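What follows is a set of notes on a single structure, which appears directly below.
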Amino acid sequence: ARVVVDGAVHYGLNPSIISVRKSKYTYGIKTVGKFIPGYHMKSKMCIIDNVAKCRDLFTIYTQSGDDIGFNHPVSIRFSAVNPGQKHCSLHIYMSEKKRPIYVTESGCRRVGTVHVNLPEGAAPGSGDAQVTCEMLFGGTEIKVTGTNYDGEQADVTLVFE
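Take this note's numbering: the last position of the sequence shown gets the number 208, and nothing is skipped along the way.
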């Protein structure tokens with residue numbers, strides 16, 4: 048028991064002493080992407096600007112079992128999809144599955160949301176309607192930051208399980 052307490056004290060004083068940990072879950076965000084016939088479920092198809100898209104996709108940032116370095120960032124850039132969209136909601140999910148396809152699968156659950164404002168007049172598909180979502184995997188937390196084209200940021204911190 049003393050060893051556990053000593054380890055907890057050392058970690059509390061210097062969290063970087065744990066340089067790598069294994070991700071117990073797969074983490075990602077809910078997205079809309081290109082619909083691939085024969086791969087995606089037809090019930091997930093939606094039409095946006097006359098283009099077939101797939102909704103409820105689980106875009107993976109890290110998979111269960113991955114080694115995650117201390118303060119390891121993963122960034123992905125996304126585009127707004129709806130004309131007149133004023134903000135982008137980044138819904139953060141975790142899953143017991145290694146490679147979920149949809150956020151609606153069993154074992155997936157939403158653990159947080161970040162709302163990022165889009166610049167006035169941002170048009171879907173244009174550079175100014177893009178948002179970068181970064182997940183920073185630290186010792187016991189995941190910090191999720193959304194940044195718009197103008198550099199405006201919003202973030203949330205989650206407990207890393």
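Here a beta-carbon is modelled for each residue, glycine too, at the ideal position from N, C-alpha and C. Bear in mind that the values here come from a model prediction, so they are computed numbers and not experimental data.
* Asked: Is the stretch 81–89 touching the stretch 117–128, taking contact as three or more C-beta pairs under 8 angstroms?
  -> Not touching, per the Cβ criterion.
* beta strand (DSSP E) segment containing V203, residue limits -> Stepping through the sequence shown from its first residue, residue 203 is reached at position 156. Run containing V203: 200–206, per the beta strand (DSSP E) assignment.
* Closest residue to D103 among L205, P147, V206 (Cα-Cα distance) -> Translated into the one-based positions of the sequence shown, residue 103 becomes position 56. Nearest option by C-alpha distance: P147.
* **Classification of V161 by the beta-carbon crowding that lies within 10 angstroms, buried from 16 upward** => Counted from its first residue, the sequence shown places residue 161 at position 114. Buried is the call here.
* A176 versus T73: straight-line alpha-carbon distance, rounded -> Residue 176 sits at position 129 when you count from the first residue of the sequence shown. Residue 73 sits at position 26 when you count from the first residue of the sequence shown. Their backbone Cα atoms lie some 27 angstroms apart in a straight line.
* Pick from V67, I123, C135: whose alpha carbon is nearest that of A201? -> Translated into positions along the sequence shown, residue 201 becomes position 154. The candidate whose alpha carbon is nearest that of A201 is C135.
* Asked: Unbroken alpha helix (DSSP H) runs of length 4 or more, entirely within the stretch 82–163: which are they?
  -> Complete alpha helix (DSSP H) runs here, min 4: none at all.
* To do: Just tell me which of V128, K133, V203, I107 has its CA closest to the CA of S142.
  => Residue 142 sits at position 95 when you count from the first residue of the sequence shown. By alpha-carbon distance to S142, the top candidate from V128, K133, V203, I107 is I107.
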